[in-house]
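Residue numbers (my numbering): 15 to 420.
These notes are about the structure you will find just below.
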């Protein structure tokens, strides 16, 4: 039986934000404002613990829209509140803390590539409101491409994400988030074959658990039809969210990775990067996270190994092959943006012209390729607030231009 939070995240992420995700920046900002107003109204009515559970849906909508409008830190706080309401925060499945003493921290990309050399499929998950994880996926994809992986399969893409020859918000549920789009653009430059494998419900009308099972099996059906049936030896990097990476087969609780293994006989290399991340000291942080950080011998994402074998802590222990631990990414004083934008993504900073700063309220400022079509997904987005100096924009080096929406 899947947890209420899992079901909420699946339904909410794919349905609640759907009306806004494919629209332009003005519409997304308006949708966020409306969602915040709805959440505030619901809060005023939530006077008991039972009523507070009804906040989960509105919170999901707000958090998703925050992540799509240049406010990932706010999205983290919102999703942590959801976890607290559902009592599924980081204290669940803490894992064996004693085992940490016997582990060694090693560079995550290096270990994954080492383990992937003799695998046909690699599956990496993400927390969908944490853009740093998309930058890590971008960096990993470059290295997997070098060792023979050819197909990049991405969750929640539209069937023809490059219909216009470039990425638009209509290309997929999360493509409007700039780091996601930059990851896919980088993959294009590396000559990956981009595969959309999302399952379309088409009004099945099933119960919640059956809906999840239908989606997981439908995703595998699409991976088989669109890749493996045509190229049985194709090497695939699958990028999915949260639980889809789990390999365990169990009645009523089997996910995409498990169905893929069962259906094809392929043993995928499964990697969790959604669990061990900084929450700024918030309640969503895993209780072992700080202990794991002490094992890091470098400055970037790492995996823990014991006698050369990867270790996993938390709820995915025994269900995935390895786990990436992300260090905290503090703000860089010169840009006001998180460190990962330079350390992981390698992006350049661009100062926002003062003429674009909002004089009242807030404004969504975007950085775009110079001369890009108006509906192409931006290179970066910042939600600027009146009275506060906005941070720099961060993007790959190139000719750029700014735009602003209210």
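Where is the CB? At the ideal position from N, CA and C, for every residue including glycine.
Quick caveat, the model's predicted, so the values are computed rather than measured.
Query                                                                                                                                                                            : Result
Drop a sphere of 10 angstroms on the beta-carbon of residue 192, count the other beta-carbons inside from all chains shown, and report buried for 16 or more, exposed for fewer. : buried
In terms of DSSP beta bridges, what is residue 394 paired with?                                                                                                                  : 381
Using only CA atoms, which one of 248, 264, 267, 285 lies nearest to residue 254?                                                                                                : 285
Out of 420, 397, 384, 178, which has the shortest C-alpha to C-alpha gap to residue 411?                                                                                         : 384
Look at the Cβ atom of residue 7, then the Cβ atom of residue 372, and state whether they are nearer than 7 Å.                                                                   : Past the boundaries of the shown model lies residue 7; the chain is included only from 15 to 420, so the question cannot be answered.
Return helix, strand or coil for residue 186, following the three-state DSSP convention.                                                                                         : strand
At which residues does the alpha helix (DSSP H) containing residue 119 begin and terminate?                                                                                      : Careful: residue 119 lies outside any alpha helix (DSSP H), inside the beta strand (DSSP E) at 118-121.
Can you look up residue 408 in the DSSP assignment and give me helix, strand or coil?                                                                                            : strand
Would you call the CB atoms of residue 293 and residue 315 closer than 7 Å?                                                                                                      : no
Report the option in 415, 331, 311, 336 whose CA atom is closest to the CA atom of residue 323.                                                                                  : 336
Alpha carbon to alpha carbon, what distance is there between residue 289 and residue 105?                                                                                        : Residue placement at residue 105 cannot be trusted, given a pLDDT of 47 that sits under 50; what the coordinates show is reported in the next sentence. Going from the Cα of residue 105 to the Cα of residue 289 covers about 11 Å.
Using 10 angstroms around the beta-carbon of residue 325, count the other beta-carbons present and answer buried if the total reaches 16, otherwise exposed.                     : buried
In the DSSP assignment, the alpha helix (DSSP H) including residue 270 goes from what residue to what residue?                                                                   : 270-278
Can you tell me whether DSSP reads residue 12 as helix, strand or coil?                                                                                                          : The chain is shown only over 15 to 420; residue 12 falls outside these bounds and no answer can be derived.
Measuring alpha carbon to alpha carbon, tell me which residue in 403, 359, 260, 72 is nearest residue 50.                                                                        : 72
Have a look at the DSSP bridge pairing and note the partners of residue 422.                                                                                                     : Limits of the chain in this structure are 15 at one end and 420 at the other, which puts residue 422 out of reach.
Scan the region 242-321 and note each continuous beta strand (DSSP E) run of 3 residues or more that stays entirely inside, going in chain order.                                : 250-253, 283-286, 316-320
Please report the residue range of the beta strand (DSSP E) in which residue 337 lies.                                                                                           : 336-339
Find the nearest neighbour of residue 190 within the set 347, 111, 172, 207, judged by alpha-carbon distance.                                                                    : 172
What does residue 343 pair with, by DSSP beta-bridge criteria?                                                                                                                   : None; residue 343 has no bridge partner.
With three or more C-beta pairs closer than 8 Å as the rule, is the region 352-361 touching the region 376-390?                                                                  : no
For residue 369, which residues in the same chain have their Cβ closer than 7 Å to its Cβ, ignoring the five residues on either side in sequence?                                : none
Can you look up residue 236 in the DSSP assignment and give me helix, strand or coil?                                                                                            : helix
From residue 425 to residue 37, what distance separates their C-alpha atoms?                                                                                                     : Look at the range of the chain in this structure, 15 to 420, and you will see that residue 425 is not part of it.
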